[in-house]
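Quick note: the sequence shown uses this note's numbering, first residue 674, plus one each step.
Report on the structure given below.
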Amino acid sequence: MGAGRPSRGCGAAEQLDRTPDQLSLYRDVVARLRPDAINYVFVDEAQEIDGFERAVDGLHLRADVDLYVTGSNARLLSGELATLLSGRYVEIPLLPLSFREYVTARRPDLGDDAILRRALARQLFVDYARFGAFPYATALQPDLDLVRDHLLGILNTVLLKDVVARRKIARADTLRDVVAFMLDNVGNLTTPKRIADTLVSTGRRVAPETVTGYLTALAESFVLYEARRYDIRGRRLLENTAKYYAVDPGLRTALLGDRRRDTGHVLENIVYLELRRRFREVCVGKLGTAAVDFIAESPDGPTYVQVARSVAEPSVLERELAPLRAIPDHYPRLLLTGDEGSFDQNGVRQRNVVGWLLAATP
674 MGAGRPSRGC GAAEQLDRTP DQLSLYRDVV ARLRPDAINY VFVDEAQEID GFERAVDGLH
734 LRADVDLYVT GSNARLLSGE LATLLSGRYV EIPLLPLSFR EYVTARRPDL GDDAILRRAL
794 ARQLFVDYAR FGAFPYATAL QPDLDLVRDH LLGILNTVLL KDVVARRKIA RADTLRDVVA
854 FMLDNVGNLT TPKRIADTLV STGRRVAPET VTGYLTALAE SFVLYEARRY DIRGRRLLEN
914 TAKYYAVDPG LRTALLGDRR RDTGHVLENI VYLELRRRFR EVCVGKLGTA AVDFIAESPD
974 GPTYVQVARS VAEPSVLERE LAPLRAIPDH YPRLLLTGDE GSFDQNGVRQ RNVVGWLLAA
1034 TP
């Protein structure tokens, strides 16, 4: 956290050396403000300070402060702070690198060479799916051991700091089992009871209510994202079942090992994260007994998305197209696959997923 001094350059920032309470945070920042300039103030991990909401609100009210608050937990904008700042803030969610950003990070020498970038994209996509795209992990690739150590360090820090300590969880080993189960089942519809029953069958005693609390904490800490289920015909969100996706596919490799299976679910996870970058809300769809992988909402209406590793077999193509064709409206429909080429399938756009990830538009 620091108060920027524009006249001294972008590197001139002061940093507090201790963790203050809300009052000392406010006073320490104000003491460093320059009276004849706009001061850029950055407060990192503000939720670690008891009562931080009042300090943030006080700083935000000052005409000489341009305030930026960052944090790694959804508690940052929950409760009192959201009420105090209602309508007076802009939230910018951040995810690990998109595939476009990842390609640039891995091969900065490509510049704007779109042809060469596309030629290398498939090779880089394999690494993207295995190692993930946390920025520093990208610098460590393709050394799997280094990447794994780095990602496990991130995961363990989040679990111990944001989940175990904050939730006062007594059984960290059970929490870790839940995380492993969820990473092994990304893209599968699940319920807390099913998770609890699976863990009980392996000798780990845990109640569904406890699993519910774990899932909430993991979502608040951005380890997992919950995609709620939406009934397209009934036009309502469904309770009890949801899909969960990892914030980064590399966490799955780090915790479960470098297993080249379930590539379809990993692909679905990657598409889900990209849809979150491009659309304001993403759900999973239900249409009778059929499923639509994603419903991505924008101000112009929904886009329906199916994801498949390959639809080269006619029966598989028909299976993936059928739910999209059955949707009773005329909003865009998109089928993303690992197959080459872009086609129009009677109103459904079929696109290669790597090309779609590299594109700047939905």
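C-beta: ideal position from N, C-alpha, C; glycine also.
Contact under 8 Å by Cβ, residue i with residue j
{"i": "L929", "j": "A853", "result": "yes"}
{"i": "L1007", "j": "R1024", "result": "yes"}
{"i": "T863", "j": "Y917", "result": "yes"}
{"i": "S745", "j": "E726", "result": "no"}
{"i": "V989", "j": "L1009", "result": "no"}
{"i": "L832", "j": "R821", "result": "no"}
{"i": "D649", "j": "P781", "result": "No answer is possible for residue 649: the residues shown for the chain start at 674 and end at 1035."}
{"i": "V1026", "j": "L897", "result": "no"}
{"i": "G961", "j": "R901", "result": "no"}
{"i": "D1012", "j": "S983", "result": "yes"}
{"i": "D931", "j": "R803", "result": "yes"}
{"i": "V920", "j": "P769", "result": "yes"}
{"i": "G826", "j": "P922", "result": "no"}
{"i": "A880", "j": "A890", "result": "no"}
C-alpha gap between residue i and residue j, whole angstroms
{"i": "M674", "j": "I711", "result": "With a pLDDT of 32 at M674, under the threshold of 50, the modelled position of that residue is not reliable, and the figure given next carries that caveat. M674 and I711: Cα-Cα distance of roughly 16 Å."}
{"i": "R844", "j": "Q695", "result": "31 Å"}
{"i": "T743", "j": "F715", "result": "8 Å"}
{"i": "A676", "j": "L706", "result": "Summary for A676: the model assigns pLDDT 35, below 50, so the residue's position carries little reliability; its value from the coordinates is reported in the next sentence. Going by the C-alpha atoms only, they are around 7 Å apart."}
{"i": "R678", "j": "Y713", "result": "Unreliable positioning characterises R678 in this predicted model, as indicated by a pLDDT of 33, which lies under 50. The coordinate reading is nonetheless provided below. Cα-Cα distance, rounded: 7 Å."}
{"i": "L888", "j": "V955", "result": "18 Å"}
{"i": "L732", "j": "Y699", "result": "7 Å"}
{"i": "G684", "j": "Q720", "result": "In this prediction, G684 has a pLDDT of 39, which is less than 50 and means its spatial position is unreliable; nothing more can be read from the coordinates."}
{"i": "R761", "j": "G724", "result": "19 Å"}
{"i": "V1031", "j": "V738", "result": "A small correction: the amino acid at residue 1031 is Leu; Val does not occupy that position in the sequence shown. Their backbone Cα atoms lie some 38 Å apart in a straight line."}
{"i": "P975", "j": "F772", "result": "23 Å"}
{"i": "L910", "j": "L783", "result": "44 Å"}
{"i": "T811", "j": "P1001", "result": "43 Å"}
{"i": "L734", "j": "L924", "result": "40 Å"}
{"i": "A963", "j": "E993", "result": "10 Å"}
{"i": "G1028", "j": "R791", "result": "8 Å"}
{"i": "S1015", "j": "T1034", "result": "15 Å"}
Sheet register partners of residue i (DSSP bridge)
{"i": "L1009", "result": "V980 and R1024"}
{"i": "V955", "result": "A969"}
{"i": "L960", "result": "A963"}
{"i": "V716", "result": "V742"}
{"i": "G974", "result": "S971"}
{"i": "D1002", "result": "Looking at the DSSP assignment, D1002 forms no beta bridge with any residue, so it has no partner."}
{"i": "D730", "result": "Note: D730 sits in no beta bridge, so no partner."}
{"i": "D1017", "result": "R1022"}
Boundaries of the alpha helix (DSSP H) in which residue i is found, first to last residue
{"i": "F854", "result": "A845 to D857"}
{"i": "D701", "result": "Q695 to R705"}
{"i": "S988", "result": "P987 to A999"}
Chain D contact for residue i (CB, 8 Å cutoff)
{"i": "Y903", "result": "This model lacks chain D altogether, as it is built from one protein chain only."}
For residue i, the first and last residue of its enclosing beta strand (DSSP E)
{"i": "D835", "result": "Premise fails: D835 is in no beta strand (DSSP E) and is neither H nor E."}
> Which runs of the beta strand (DSSP E), 3 residues or longer, sit entirely within the stretch 862 to 949?
Replying inline: 897 to 904 and 909 to 919
> Could you give the uninterrupted runs of the beta strand (DSSP E) lying entirely in the stretch 733 to 820, keeping only those of 3 residues or more?
Replying inline: 738 to 743
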